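Trainee: Keeping their order, the protein sequence lines are chains W and B.
First residue of the first sequence: 1, per the numbering used here; consecutive thereafter.
First residue of the second sequence: 1, per the numbering used here; consecutive thereafter.
Backbone N, C-alpha and C fix where the C-beta goes; we use that ideal spot for every residue, glycine too.
None of the values given here were measured: they were computed from a predicted structure.
Could you have a look at this structure, given as structure tokens, before my questions?
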Amino acid sequence: MVSKKISDFKPSRRKVLTGMAAAGATTALPGFVPFVQAQSSEPIRIGFQVHRTGIGAAYGRWYDRTTMAAAPVINDMGGLNGRPVEIISEDDGTDPKRGAEVVEKFATHHNTDIAYGTLFSHVVVGSAPRAGELKMPYFVVSEGHHVASGMLNRWTLQPGITDVKSQVQAMAPFVADNLGKKVTMIFPDYAFGHDHRDFFSAAIEAQGGEVIAKLAIPPTETSFTKYFPQIPRETEVIYHVMVGPAVLTFVKEMGEFFGSARPEIFGFIDSLEAVDLATPGLEFLEGTYFWEGMPRYAQENQSEYDKFYRAAIGVDNNGASVSDPKDVSTFAHMFGCWETLHTIKAGMEAAGYQGTSDRAKLVEAVEAMTDMAESQAHPQGAKVFNGKTHQVFGPQYISQVQDGRLVVQHKTALEDGFYPDEVDYTTQSF
Amino acid sequence: MQENNGKLPVRGRVRMKPWKWCLSAALFFSLYPVASFAHVSERALVLLLPTGFYTRFGAGAVALTIILTLLVPPRVFRFLLAMDHPVRRASTSGVQRNITSFAAFLIFAFLIALGMWGPRDPLVNLLPLCVFTLWWICLPLLQALLGDIWAWINPWSGPLWLVFRGRHPFELPQRLGHWPALATYLLASVYTLTDIAPDDPTRLAWVAGGYWLFTFAMAGLFGSEWLRRGEGFSVFFNLIARITPLAFGQLKLNFPGKRIVDDVGLGTSVAVFSVALLALGSFDGLNETFWWMGQIGINPLAFPGRSAVTLPNRVGLFAAVILLNLAFAFCVWIGLAFIGRSQDFHNAFCRLALTILPIAMGYHLAHYMTSAMVSLQYLVAALNDPLHSGAALLGLEDFYVTTGFLNQHHIVERIWFIQAGAIVGSHVIAVILSHGVALQVFGSHRAAIISQMPVALFMVLYTYFGLWLLASPVAL
Chain W
1 MVSKKISDFK
11 PSRRKVLTGM
21 AAAGATTALP
31 GFVPFVQAQS
41 SEPIRIGFQV
51 HRTGIGAAYG
61 RWYDRTTMAA
71 APVINDMGGL
81 NGRPVEIISE
91 DDGTDPKRGA
101 EVVEKFATHH
111 NTDIAYGTLF
121 SHVVVGSAPR
131 AGELKMPYFV
141 VSEGHHVASG
151 MLNRWTLQPG
161 ITDVKSQVQA
171 MAPFVADNLG
181 KKVTMIFPDY
191 AFGHDHRDFF
201 SAAIEAQGGE
211 VIAKLAIPPT
221 ETSFTKYFPQ
231 IPRETEVIYH
241 VMVGPAVLTF
251 VKEMGEFFGS
261 ARPEIFGFID
271 SLEAVDLATP
281 GLEFLEGTYF
291 WEGMPRYAQE
301 NQSEYDKFYR
311 AAIGVDNNGA
321 SVSDPKDVST
331 FAHMFGCWET
341 LHTIKAGMEA
351 AGYQGTSDRA
361 KLVEAVEAMT
371 DMAESQAHPQ
381 GAKVFNGKTH
391 QVFGPQYISQ
401 VQDGRLVVQH
411 KTALEDGFYP
421 DEVDYTTQSF
Chain B
1 MQENNGKLPV
11 RGRVRMKPWK
21 WCLSAALFFS
31 LYPVASFAHV
41 SERALVLLLP
51 TGFYTRFGAG
61 AVALTIILTL
71 LVPPRVFRFL
81 LAMDHPVRRA
91 STSGVQRNIT
101 SFAAFLIFAF
111 LIALGMWGPR
121 DPLVNLLPLC
131 VFTLWWICLP
141 LLQALLGDIW
151 AWINPWSGPL
161 WLVFRGRHPF
171 ELPQRLGHWP
181 ALATYLLASV
191 YTLTDIAPDD
201 PTRLAWVAGG
211 YWLFTFAMAG
221 LFGSEWLRRG
231 EGFSVFFNLI
241 ARITPLAFGQ
251 LKLNFPGKRI
261 VDDVGLGTSV
271 AVFSVALLAL
281 GSFDGLNETF
291 WWMGQIGINP
301 LAFPGRSAVT
311 LPNRVGLFAA
321 VILLNLAFAF
331 CVWIGLAFIG
341 RSQDFHNAFC
351 RLALTILPIA
361 MGYHLAHYMT
371 SAMVSLQYLV
381 AALNDPLHSG
391 AALLGLEDFY
401 VTTGFLNQHH
411 IVERIWFIQA
421 GAIVGSHVIA
431 VILSHGVALQ
441 VFGSHRAAII
451 SQMPVALFMV
461 LYTYFGLWLL
471 ASPVAL
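Structure representation (structure tokens):
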């Protein structure tokens with residue numbers, strides 16, 4: 001835990017940058033030894049594989065901002081196992097081939113202790129094999145099910161954000177109990193949409209509901225009016241997961257189709273991540289529900305951890321930048337960076353990590369983790385880590401749009417997202 | 001366990017084309033459960049605008065300009081486009097220019113060093129920010145507005161003067177024309193448009209530094225003529241400077257690009273180069289659209305990365321340059337055929353192609369405007385802290401880059417109008433310039449009008465294409 005009071009915290013980008021120099025300078029002063037317990041004052045180098053360019057750049061900007069805010073907080077806590085943290089950012093261009101190159105640069109050029117921070121699934125899948133070959137612990141913040149599915153390797157872990165299978169599954173009880181049991185799904189016709197279709201269909205059936213129609217929309221579609229008549233009249237809930245530049249058109253046209261006589265509507269905030277809900281055309285979403293990884297808007301029962309987290313990354317109570325209230329963050333996902341870095345800290349301390357020769361010990365230490373209490377390190381909520389599948393499980397939030405804000409209606413139990421293990425990475429050798 | 005139960009996702013209704021053999025990697029990455037983060041960009045707001053109406057209106061404005069050229073007496077054009085002042089040609093021989101060029105070289109060398117040893121993040125390192133934001137995006141626009149700035153700040157003429165003092169062992173053969181410049185410019189475009197990490201500071205330092213050395217060596221062998229005919233960017237900047245409305249030495253504004261009307265004898269290579277500029281700018285926008293993704297079998301919502309589209313984009317880039325040149329040449333030729341003056345094709349093509357230059361700049365502004373509005377913020381942040389050491393040289397303690405303006409309907413609408421205005425306005429300018437050229441080449445108003453009909457149609461269609469491009473959904 002951090003002893004620093006929230007009211008004392010002054011978020012500063014400079015802290016992460018000056019932290020290293022300050023550590024070096026102040027350790028020379030008598031009586032001030034923040035990293036005293038470390039055998040070495042050399043920084044722990046974290047290779048940050050960030051989507052600075054390419055299709056992931058909008059997310060990468062906020063992953064970067066969260067990472068650069070978490071690092072000085074960790075340094076204020078005494079660093080990683082007594083050593084200051086140094087973030088070395090490399091742009092992967094949101095490209096799997098480049099991603100593998102970046103992991104290799106971390107190992108051979110920058111000599112980082114670990115690699116961290118990857119979001120987009122195809123980059124994770126393209127980079128993880130190289131991380132495994134280089135025996136580089138690779139902490140991803142991807143949300144993809146690829147880690148827990150068993151398709152990666154022992155060096156790849158996802159301890160800071162839940163996977164999409166768990167998220168979708170955890171929605172079903174609330175949808176069935178509160179919104180309706182006859183569901184029509186509208187999803188883009190490719191892997192992402194198919195995952196939602198398959199995960200949710202199974203989950204809602206387990207709750208006694210059923211998906212009565214599945215509308216697969218071609219990815220290049222930009223007008224949706226012709227699809228809405230295919231929605232069965234007996235539909236009680238529409239489950240939508242449209243993404244991309246045509247999302248606002250989708251919402252607008254759905255509003256024009258239904259008018260005020262609409263069924264209940266449930267969606268994933270991925271559709272509107274970083275989008276201002278006050279955008280013209282989104283009025284139709286008033287009263288509808290969204291999954292949120294972490295509530296964008298500060299709630300009435302906001303925790304002190306949420307407050308601290310927002311202050312550290314410079315985000316206001318509406319999930320927007322403190323410097324521009326229209327600059328909405330990717331709030332439902334970027335907490336994963338913050339929590340992953342704190343888990344790395346806990347793992348290094350548990351492993352007594354001293355250097356790259358202790359990389360396997362670090363992986364084992366994280367694998368041994370189970371409960372993660374809601375805290376400043378885990379402001380999104382309490383979690384359980386599954387060491388066998390290398391995947392963390394946590395709460396999900398279901399929020400309703402009320403007066404243009406997302407108000408949390410339900411926080412799922414951890415158990416809602418559990419599913420049988422599909423792999424045991426601990427049986428694999430290093 | 002794969003949860004798709006063997007029902008692996010398919011590409012669905014995205015059309016597959018023969019490119020698919022080179023997209024096997026992209027397909028592989030679509031065969032596993034994923035989260036999707038295809039984001040909502042400002043294009044989402046653009047899709048809500050009545051862009052279809054605006055596009056027809058814009059194309060109509062260009063068509064109206066063409067109709068006006070039929071009605072307005074030739075003397076008006078001759079007055080508007082008359083050369084009434086001495087033109088100060090770009091020169092790289094002045095001592096003052098050599099001094100400023102040498103200063104630019106020192107800055108360039110510092111940037112290369114930063115690329116090699118500075119921050120790794122391309123949005124923090126000053127090398128990629130200066131190269132792609134200041135130099136690649138902003139400088140051409142300044143050059144088009146103010147004239148030949150590049151003659152003062154190119155990083156070669158100063159060092160060349162210092163080392164070689166104007167001596168060089170070989171002459172660049174005249175028969176090569178400006179083709180070497182086209183080749184170097186195309187190679188640079190291949191790097192920026194299709195390399196998988198052109199922004200990477202180290203990679204860019206090697207490429208930019210290597211190109212500087214290559215150019216320095218070639219200019220050492222062939223003298224400053226290499227900068228005039230062999231170095232692609234110098235030729236590019238020199239051509240763009242011709243559309244400045246500023247009249248040097250006089251306190252007056254000229255019609256933009258009027259110098260082009262009197263430019264004779266620049267040759268086929270310069271004409272092809274001019275059309276290529278527009279082709280490259282157009283393809284830079286086209287290759288991000290859903291339409292292009294559909295042609296090469298890529299799902300735009302799950303764009304697999306540059307490495308998966310390197311080959312099709314390289315093919316597309318060269319195809320755009322060749323096809324646009326052929327299309328424009330065909331328009332010129334058929335117009336001449338209408339008036340029975342096919343024998344004037346070479347002269348007409350070489351002169352009319354230069355009138356494309358304002359359009360190329362219109363596309364440049366439209367295409368890069370939003371990215372410049374963001375990357376200039378990163379540039380300020382990097383100038384504030386060039387070594388990423390926590391410094392605040394500009395006094396900016398906590399400077400957050402924002403894209404909030406792209407989230408607001410009214411701002412996005414205004415940006416779109418500016419972009420559309422740049423495209424429509426540049427076409428209007430081009431129509432007037434090409435009519436002025438036609439009047440000079442053919443002498444009579446009637447011959448000019450008839451011969452210009454195919455080119456006029458080309459301009460209207462290209463306006464339509466440009467506005468369609470601005471309104472299209474994009475993957476990046």
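(1) Label residue 232/B either buried or exposed according to how many other C-beta atoms from any shown protein chain fall within 10 Å of its C-beta, with 16 as the threshold for buried.
(2) Flag residue 269/B as yes if its beta-carbon sits less than 8 angstroms from any beta-carbon of chain W, otherwise no.
(3) Output yes or no for whether 8 angstroms exceeds the beta carbon distance between residue 159/W and residue 384/W.
(4) Which of the three DSSP states, helix, strand or coil, is assigned to residue 333/W?
(5) Taking only three categories from DSSP, how would you classify residue 399/W?
(6) Leaving out five residues on either side along the sequence, give the residues of the same chain with a beta carbon under 6 angstroms from the beta carbon of residue 152/B.
(7) Helix, strand or coil for residue 151/W? Go by DSSP, reduced to three states.
(8) Pairing CB atoms from the segment 50 to 69 of chain W with CB atoms from the segment 326 to 334 of chain W, are three or more of them under 8 angstroms?
(9) Under DSSP, the beta strand (DSSP E) around residue 240/W begins and ends at which residues?
(10) Where residue 141/W and residue 184/W are concerned, what is the direct C-alpha to C-alpha distance, given to the nearest angstrom?
(11) Check whether the Cβ atoms of residue 455/W and residue 50/W sit closer than 8 angstroms, and answer yes or no.
(12) With distance defined between alpha-carbon atoms, name the residue in 365/B, 195/B and 270/B nearest to residue 314/B.
(13) Output yes if chain B places a C-beta closer than 8 angstroms to the C-beta of residue 240/W; else output no.
(14) Counting along the chain, where does the beta strand (DSSP E) carrying residue 409/W start and finish?
(15) Which residues, in order along the segment 39 to 53 of chain W, keep a beta-carbon less than 8 angstroms from a beta-carbon of chain B?
(16) Checking 8 angstroms against the spacing of the C-beta atoms, do residue 65/B and residue 431/B come in under that value?
(17) Let's see if you can read the secondary structure: which residues bound the beta strand (DSSP E) around residue 291/W?
(18) Taking contact to mean at least 3 C-beta pairs separated by less than 8 angstroms, is the segment 197 to 212 of chain W in contact with the segment 166 to 179 of chain W?
(19) Hey, which unbroken runs of the beta strand (DSSP E) at 3 residues or more fall wholly within the segment 85 to 157 of chain W?
(20) Select from the segment 209 to 234 of chain W all residues with a C-beta closer than 8 angstroms to any C-beta belonging to chain B, and list them in chain order.
(21) Counting only Cβ pairs nearer than 7 angstroms, list the residues of chain W close to residue 400/B.
(22) Could you pull out every residue in the same chain whose Cβ sits closer than 6 angstroms to the Cβ of residue 303/B, ignoring the five residues on either side in sequence?
(23) Would a C-beta distance cut-off of 8 angstroms place residue 287/W and residue 251/W closer than the cut-off?
(24) With DSSP as the reference, label residue 383/W as helix, strand or coil.
(25) Does DSSP put residue 431/W in a helix, a strand or coil?
(26) Starting from the beta carbon of residue 408/B, find every residue of chain W whose beta carbon is closer than 7 angstroms, and list them in chain order.
(27) If you draw a straight line from the alpha carbon of residue 360/W to that of residue 93/W, how long is it in whole angstroms?
(28) For the alpha helix (DSSP H) containing residue 419/B, name the first residue and the last one.
(29) Counting only Cβ-Cβ distances shorter than 8 angstroms, please list the residues of the segment 243 to 259 of chain W near chain B, keeping chain order.
(30) Considering only DSSP beta bridges, list what residue 188/W is partnered with.
(31) For residue 368/B, which option in 139/B, 69/B and 73/B has the closest C-alpha, if you only look at C-alpha atoms?
(32) Can you tell me the Cα-Cα spacing of residue 54/W and residue 423/W, whole angstroms?
(33) Just checking: is the beta-carbon of residue 299/B within a distance shorter than 8 angstroms of some beta-carbon in chain W?
(34) What residue does the beta strand (DSSP E) around residue 474/B start on, and which one ends it?
(35) Leaving out five residues before and five after residue 401/B in sequence, what residues of the same chain have Cβ atoms less than 7 angstroms from its Cβ?
(36) Determine the chain B residues that contact residue 280/W at a beta-carbon separation under 8 angstroms, and present them in chain order.
Mentor: Here's the rundown:
(1) Residue 232/B counts as buried, since at least 16 other C-beta atoms from the protein chains shown sit within 10 angstroms of its C-beta.
(2) Using a CB distance cut-off of 8 angstroms, residue 269/B does not count as an interface residue toward chain W.
(3) Residue 384/W sits away from residue 159/W, with the two beta carbons spaced by 8 angstroms or more.
(4) In this structure, DSSP gives residue 333/W a helical state, which the three-state scheme calls helix.
(5) Here residue 399/W sits in strand by DSSP.
(6) 97 and 100.
(7) In this structure, residue 151/W counts as coil in the three-state DSSP scheme.
(8) In the pairwise beta carbon analysis, the segment 50 to 69 of chain W is classified as touching the segment 326 to 334 of chain W: at least three pairs are separated by under 8 angstroms.
(9) Counting along the chain, the beta strand (DSSP E) containing residue 240/W begins and ends at 237 to 240.
(10) Cα to Cα, the separation comes out at about 30 angstroms.
(11) A question about residue 455/W goes unanswered here, because the residues of chain W that appear run from 1 up to 430.
(12) Checking every option, the nearest Cα to that of residue 314/B belongs to 195/B.
(13) No, residue 240/W lies away from the interface with chain B (no Cβ there is under 8 angstroms from its Cβ).
(14) Start and end: 405 to 411.
(15) Within the segment 39 to 53 of chain W, the residues whose Cβ lies closer than 8 angstroms to some Cβ of chain B are 50, 52 and 53, listed in chain order.
(16) For residue 65/B and residue 431/B, yes; Cβs fall inside 8 angstroms.
(17) Taken as a continuous stretch (DSSP letters only), the beta strand (DSSP E) holding residue 291/W covers 289 to 292.
(18) The segment 197 to 212 of chain W is in contact with the segment 166 to 179 of chain W.
(19) Residue ranges of uninterrupted beta strand (DSSP E) with 3 or more members, entirely inside the segment 85 to 157 of chain W and ordered along the chain, are 85 to 91 and 114 to 116.
(20) Result list: 216, 218, 219, 220 and 222.
(21) Correct list: 314, 321 and 323.
(22) Hits under 6 angstroms: 475.
(23) Cβ atoms of residue 287/W and residue 251/W: not closer than 8 angstroms.
(24) Strand, per DSSP.
(25) The displayed coordinates of chain W run from 1 to 430. Any statement about residue 431/W would go beyond what the structure contains.
(26) In chain order: 326.
(27) Their backbone Cα atoms lie some 29 angstroms apart in a straight line.
(28) For residue 419/B, the enclosing alpha helix (DSSP H) stretches over residues 409 to 442.
(29) Against chain B - using a Cβ distance shorter than 8 angstroms - the residues of the segment 243 to 259 of chain W are 243, 244, 245, 246, 247, 248, 249 and 252.
(30) Answer is 217/W.
(31) Comparing alpha carbon positions, the residue from 139/B, 69/B and 73/B closest to residue 368/B is 139/B.
(32) Counting only the Cα atoms, residue 423/W lies some 32 angstroms from residue 54/W.
(33) Residue 299/B belongs to the set of residues whose beta carbon lies under 8 angstroms from a beta carbon in chain W.
(34) For residue 474/B, no beta strand (DSSP E) segment is defined, and its DSSP state is neither H nor E.
(35) Residues 374, 377, 378 and 381 of the same chain have their beta carbon placed closer than 7 angstroms to that of residue 401/B, with the five preceding and five following residues left out of the count.
(36) Chain B residues near residue 280/W: 48 and 409.
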